[in-house]
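Take a look at the structure set out below.
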Amino acid sequence: RDAAVAREQELTAEELGEVLMCYARVGYSATDLFDRLALRAVALAPTAPPLAIADIVTAYATARVANTELFTVYGERTLQLKQDLPAVTIAAVLTAFSTVGIQDDRLFIEMIPRVRFVAHHGTPQDVANVLTAYTSAGLWHYKLFVKLAERAVQVRAECSAEQIAQILFAFAKVEMRYDKLYVDFSPRVQVIAATALPSHLAAIAHSYAAVKAYDMGVLTAIAERAVQTVGEFRQEEALMLLRAFRKLACENPALFEAFAAAFPGIERDAASAASSSPSDGANESSNGDAAASSDAAPTEGSGGDGSSAGPSATGVSENNAPAGDAREAGEAPPAAAPP
Numbered sequence: 012r013d014a015a016v017a018r019e020q021e022l023t024a025e026e027l028g029e030v031l032m033c034y035a036r037v038g039y040s041a042t043d044l045f046d047r048l049a050l051r052a053v054a055l056a057p058t059a060p061p062l063a064i065a066d067i068v069t070a071y072a073t074a075r076v077a078n079t080e081l082f083t084v085y086g087e088r089t090l091q092l093k094q095d096l097p098a099v100t101i102a103a104v105l106t107a108f109s110t111v112g113i114q115d116d117r118l119f120i121e122m123i124p125r126v127r128f129v130a131h132h133g134t135p136q137d138v139a140n141v142l143t144a145y146t147s148a149g150l151w152h153y154k155l156f157v158k159l160a161e162r163a164v165q166v167r168a169e170c171s172a173e174q175i176a177q178i179l180f181a182f183a184k185v186e187m188r189y190d191k192l193y194v195d196f197s198p199r200v201q202v203i204a205a206t207a208l209p210s211h212l213a214a215i216a217h218s219y220a221a222v223k224a225y226d227m228g229v230l231t232a233i234a235e236r237a238v239q240t241v242g243e244f245r246q247e248e249a250l251m252l253l254r255a256f257r258k259l260a261c262e263n264p265a266l267f268e269a270f271a272a273a274f275p276g277i278e279r280d281a282a283s284a285a286s287s288s289p290s291d292g293a294n295e296s297s298n299g300d301a302a303a304s305s306d307a308a309p310t311e312g313s314g315g316d317g318s319s320a321g322p323s324a325t326g327v328s329e330n331n332a333p334a335g336d337a338r339e340a341g342e343a344p345p346a347a348a349p350p
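With this note's numbering applied, the sequence shown covers 12 to 350.
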C-alpha cells in the first residue's frame with residue numbers, strides 16, 4: 012500500500028488499474044487508499060485505454076467506493092472510445108456503475124448501440140452483467156433485451172447456474188417473458204439444477220414464476236435438488252422458492268413436506284405471500300412483442316451475482332418513443348445524478 016501511494020505519480024493507467032484490482036480482489040477496501048489513488052486515476056482518465064478503464068472502475072466498484080468524480084470522468088472516457096471497446100470492457104464498465112449505484116443515464120443510453128456488440132460476441136458472463144446493469148440502473152430497452160436473450164440462447168451450453176440465475180432474474184425484474192429464452196434454456200436449466208446452490212434454485216424458480224413461465228421439467232428438477240439440499244437453504248431463499256411454486260400452482264408434496272419440516276410455518280408464509288402478489292405481472296411475448304410494465308418487478312433475493320435487486324425498470328418502447336422516465340439512445344438526457 013505504502014509503495015503504491017509513494018509511486019502514484021509514476022503509475023500509468025494500466026499499472027494503476029492492476030494495483031487497484033489487486034487490492035480489490037483480496038477484499039482490501041480501505042476508503043482512504045482508494046480516495047488517495049482516485050486523484051491519480053482521474054488525472055489519467057483522458058488517455059486511459061480500454062483495459063485500464065475496465066480495471067479501474069471495476070476495482071472501485073468491488074471495493075464499494077462510489078467516487079462520483081472518478082466514475083463521471085471514466086464514463087465520459089468510455090463514451091469517447093465506445094466504437095473501439097470490446098464486449099468484456101463494455102460489460103465491466105456498465106456493471107461497475109450499477110454496482111455502486113451511480114446513475115449515468117447518458118452513458119447507458121448512448122452505449123445501447125455498442126451493447127449490441129455484446130449480443131453478438133459476449134460471453135455468458137458479459138450478457139448476464141449487461142442485463143443486470145441495465146435493470147439495476149432502472150432502464151429497459153426491448154430490442155436490446157431480445158438481442159441479449161438470443162445471445163444467451165446461443166451460449167447456453169456454456170452458462171453456469173449462477174449466470175443462468177442472473178440472466179433470468181434480469182428478465183423477471185422487468186417482467187418480460189421472451190418465450191424463446193425460456194423454451195431453449197429449459198434443457199440446460201434442468202441439467203445445472205442437479206448441482207445448483209440454494210440461492211440459484213430460488214432465483215431461477217422466482218424468475219419463472221414472475222413471468223408465469225410454467226415448465227414442469229424445470230420445476231421438477233429444481234424441486235428434486237431443493238429437497239436434497241434443504242438443510243443448506245436460508246429462510247429467505249426457502250420462502251422465495253416455495254412462493255414461486257405456489258404462484259405457479261405447482262404441487263410438489265415432497266418439496267413442501269421437506270421444507271415444512273426444516274422451516275416450521277414457512278408453507279403458510281409462502282401461500283400468503285403468493286396470494287397477495289399481483290396476478291398480472293409478466294409482459295408475455297411468445298412472438299417477441301412485449302411492452303414495459305409500469306409495475307415494480309419482484310425484488311426478493313439476489314440476482315445470481317450476489318447483488319440485491321434494485322429499483323424497478325422503466326421502459327424504452329419498441330417504437331423508440333420514450334416510456335416512463337427512460338430515454339432512447341441519441342436523446343440528450345440530463346446530467347448524471349449523484350449517487
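Every residue, glycine too, gets a C-beta built ideally from N, C-alpha and C.
Boundaries (first-last residue) of the beta strand (DSSP E) holding residue i
i	result
R199	Segment 190-203 is the alpha helix (DSSP H) holding R199; no beta strand (DSSP E) there.
R150	It is Leu, not Arg, that sits at residue 150 in the sequence shown. Where L150 is concerned, the enclosing beta strand (DSSP E) stretches over 150-152.
Distance CB(residue i)-CB(residue j) smaller than 7 Å
i	j	result
G112	I67	no
V141	A183	no
P209	F244	yes
R127	K158	yes
V53	L81	yes
V129	D116	no
V76	T89	no
A213	M187	no
L253	Y225	no
A102	T73	no
A282	N263	no
A172	A139	no
A368	F119	One cannot answer for residue 368 here, as it falls past the ends of the chain, which runs 12 to 350.
Y189	A160	yes
Host alpha helix (DSSP H) of residue i (start-end)
i	result
S109	98-111
A54	42-55
Y71	61-73
N78	Careful: N78 lies outside any alpha helix (DSSP H) and carries neither H nor E.
A216	209-221
G353	Nothing can be reported for residue 353, as the shown portion of the chain is limited to 12 through 350.
Whole-Å CB distance - residue i paired with residue j, under 8 Å assumed
i	j	result
G228	Q201	5 Å
Y85	A49	Not a contact, Cβ separation roughly 11 Å.
A5	T143	Because the chain is modelled from 12 through 350, residue 5 falls outside the range shown and cannot be assessed.
A9	H132	The shown model of the chain, from 12 to 350, leaves out residue 9, and the question about it has no answer.
A107	Y71	7 Å
A6	A168	Given that the chain is displayed from residue 12 to residue 350, the structure contains no residue 6 and the question cannot be resolved.
A255	V238	At roughly 15 Å, the Cβ-Cβ gap does not stay under 8 Å, so A255 and V238 are not in contact.
T146	V185	6 Å
Member of the options whose CA lies at the smallest distance from the CA of residue i
i	options	result
F156	D115, L179, A216, Q246	L179
A249	F267, F82, R127	F267
A269	R236, T83, A255	R236
L192	T73, A214, A172, Q165	Q165
H217	I203, A176, A207	A176
E4	R51, D195, S283, F196	Only positions 12 to 350 of the chain appear in the structure, and residue 4 is not among them; the question remains open.
A273	C261, K93, T240, E262	T240
T100	I64, R257, E26, S109	I64
Q114	D95, I277, L150	L150
L92	E26, P60, R199	P60
A257	E87, T58, E278, T69	Correcting the residue type first, residue 257 is Arg in the shown sequence and not Ala. Nearest option by C-alpha distance: E278.
Q246	R18, Y219, I215, D280	D280
S109	D95, F45, T79, G38	T79
L62	K154, E26, A220, L44	E26
T69	L96, C33, D43	C33
T58	E87, I203, Q94	E87
E19	L44, F196, K154	L44
H211	R199, F196, Q174, P198	Q174
Let me know the alpha helix (DSSP H) ranges lying completely inside the region 229-279, each 4 residues or longer, listed in chain order.
-> DSSP runs (the alpha helix (DSSP H)) wholly in the region 229-279: 246-258, 264-273.
Runs of beta strand (DSSP E) wholly within the region 115-172 (minimum 3 residues, chain order) = The beta strand (DSSP E) runs of length 3 or more contained entirely in the region 115-172 are, from start to end of the chain, 150-152.
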